[in-house]
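Just below is one structure, and these are the notes that go with it.
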Amino acid sequence: MKHLTTLSLDKSSIETILDNAARFKTELVISSKIGGRSLALCFFENSTRTRLSFELAAKKLGMLVIDLAPEHSSLSKGETIFDTLKTIESLGIDCAIIRCTENNLLDSFDDSLKIPIISGGQGIDDHPTQALLDAFTIKEIAIRSGKPLNELELCLVGDIKHSRVATSNIKVLSDLGVQLSICAPNQFRRSFDNDNIVYYDTLEEAADNSDILMALRIQKERLLESSTDILSAESIISEYRINHRLLESYKKLYIMHPGPINWGVELENGLQNHPRLLANRQVANGVFVRMATLEYFLSNQ
Ligand code: CP
56 MKHLTTLSLD
66 KSSIETILDN
76 AARFKTELVI
86 SSKIGGRSLA
96 LCFFENSTRT
106 RLSFELAAKK
116 LGMLVIDLAP
126 EHSSLSKGET
136 IFDTLKTIES
146 LGIDCAIIRC
156 TENNLLDSFD
166 DSLKIPIISG
176 GQGIDDHPTQ
186 ALLDAFTIKE
196 IAIRSGKPLN
206 ELELCLVGDI
216 KHSRVATSNI
226 KVLSDLGVQL
236 SICAPNQFRR
246 SFDNDNIVYY
256 DTLEEAADNS
266 DILMALRIQK
276 ERLLESSTDI
286 LSAESIISEY
296 RINHRLLESY
306 KKLYIMHPGP
316 INWGVELENG
326 LQNHPRLLAN
336 RQVANGVFVR
346 MATLEYFLSN
356 Q
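Going by our numbering, the sequence shown opens with residue 56, and the numbers climb by one from there.
Encoded structure:
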C-alpha cells in the first residue's frame with residue numbers, strides 16, 4: 056500500500072495499526088522507528104483535530120513537522136495540488152498528510168508520487184484515520200462491555216449523505232465485523248456497497264437495537280442549500296437529536312461523534328460532560344492511532 060485512502064486499507068493493515076496504537080497508548084517511553092523523518096501537513100480545508108493530532112503524533116515520534124500553510128503557498132499563484140506535493144517530495148520530505156475537498160484525489164496520484172500521501176479527509180468519501188480512531192475507541196468499549204466486536208451494533212445517525220466519516224467507518228467497521236445501521240431522514244441517506252446495513256426510521260428504533268449511536272455533523276459547508284437539504288437539517292434537530300431523555304431511557308447506550316459538534320443540533324446542549332459521550336475519548340485516541348499510522352507507512356521506507 057502506497058498512499059492511505061479508505062479503500063487502500065485492508066483488514067490486516069487495519070488490525071496492525073490498531074494493535075500498534077494500543078501499544079503507543081500504554082507505552083511509558085515511546086519507542087520510535089521513524090525519529091528524524093519529516094512530515095508535511097497540507098490542509099487545503101480547515102481542521103482542528105486531524106491537523107493537531109497528526110502534528111502531535113509526529114512530534115511524539117521524534118519527527119520533523121512542516122506546515123504548508125496553503126494560504127501562504129504558491130497555490131495562490133495557480134500551482135496545482137499535485138505540483139505542490141511533487142515539490143514537497145523534491146525537498147526530501149518523507150510523507151504528507153493532505154486534507155482537501157476533492158473526492159478520490161489521492162487515487163489519481165498512483166505511483167507518480169514516491170512518498171506516501173495520507174488522507175486527512177478528502178471530499179465526502181474518505182477520512183481513513185478518523186475511521187481507524189473510531190474503530191480503536193469501539194474496541195475499547197467492546198472490551199468494557201464484555202462483547203466481541205462482531206456482537207456490537209453501531210448506528211450512524213444524521214447527515215450520512217455529506218459525511219466522509221460515514222463512508223470510511225462503514226468500510227473499516229464492517230471489515231472488523233461490527234454490525235452497522237443507519238438512522239437518517241430519507242434525503243440524508245445514501246446507498247453503500249454493503250447489503251448488511253440496516254436502516255431505521257426513528258431514533259428510538261435505533262437505540263433499541265444499538266450499543267453505540269454515532270452522531271454525524273450536519274455538513275453546512277457541503278449542503279447544496281436545496282429545500283430538501285434544509286428540511287432534512289431541520290428534521291435532524293426535531294427527530295434525530297440525541298438528548299438527555301434518550302440516554303436516561305437507554306442506560307447502556309454510548310454516543311460517539313467525530314467532531315466538531317453542532318451543539319443543539321446533533322446533540323442536546325448540556326450533554327458535554329455525559330459519561331457515555333465518547334467524543335473526547337475519540338480525540339485522545341486519535342493521537343495514538345495517528346502515531347501507529349505514521350509508523351506503518353514510514354518504517355519500511
Ligand atoms: N473529526 C475531524 O476530522 O475533525 P477536524 O475537522 O477538526 O479535523
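Don't be surprised by glycine CBs; every beta carbon is placed ideally from N, CA and C.
Just so you know, these numbers come straight off a predicted model, no measurement behind them.
- In terms of CA proximity to residue 200, 331 leads the group 351, 250, 331 and 71.
- Short note on residue 177: C-beta not closer than 8 Å to any heavy atom of the ligand CP.
- Here residue 300 has no same chain residue with a Cβ atom under 8 Å from its own Cβ, once five neighbours each way along the sequence are excluded.
- Ranking 139, 181, 172 and 142 by CA distance to the CA of residue 157 puts 181 first.
- What you get when you keep residues with a C-beta closer than 5 Å to any heavy atom of the ligand CP is 102, 103, 104, 105, 313 and 314.
- Exclusion of the five residues before and after residue 88 leaves 350 and 354 as the residues of its chain whose Cβ lies within less than 7 Å of its Cβ.
- Here residue 252 is actually not in contact with residue 265; their C-beta atoms are around 13 Å apart, not less than 8 Å.
- The segment 166-176 and the segment 188-197 do not touch, with fewer than 3 CB-CB distances between them shorter than 8 Å.
- Residue environment for residue 124: exposed (fewer than 16 other C-beta atoms within 10 angstroms of its C-beta).
- If you draw a straight line from the Cα of residue 118 to the Cα of residue 91, it comes to about 5 Å.
- Note on geometry: alpha-carbon atoms of residue 175 and residue 259 lie some 33 Å from one another.
- Residue 220 places its beta carbon 9 Å or farther from that of residue 295.
- Contact between the segment 306-321 and the segment 73-84 is absent: fewer than 3 CB-CB pairs across the two stretches fall below 8 Å.
- Residue pairing from DSSP places residue 177 in a beta bridge opposite 155 and 181.
- Straight across, the Cα-Cα distance linking residue 73 with residue 191 is about 6 Å.
- Between residue 138 and residue 57, the C-beta gap is not smaller than 9 Å, which leaves the two residues out of contact.
- Taking C-beta atoms under 8 Å as the contact rule, residue 109 and residue 69 fail to qualify, at a distance of about 18 Å.
- In terms of Cβ geometry, residue 183 and residue 59 form a close pair [threshold 9 Å].
- The DSSP-derived three-state label of residue 118 is coil.
- With a threshold of 16 other beta carbon atoms within 10 Å, residue 232 falls short and is exposed.
- Among the bridge pairs identified by DSSP, residue 269 is matched with 211 and 311.
- Distances from the alpha-carbon of residue 272 to those of 257, 262 and 289 put 289 closest.
- Classified as exposed, residue 304 has fewer than 16 neighbouring CB atoms from the shown chains inside 10 Å of its CB.
- Annotation for residue 242: no alpha helix (DSSP H) segment contains it, and DSSP assigns it neither H nor E.
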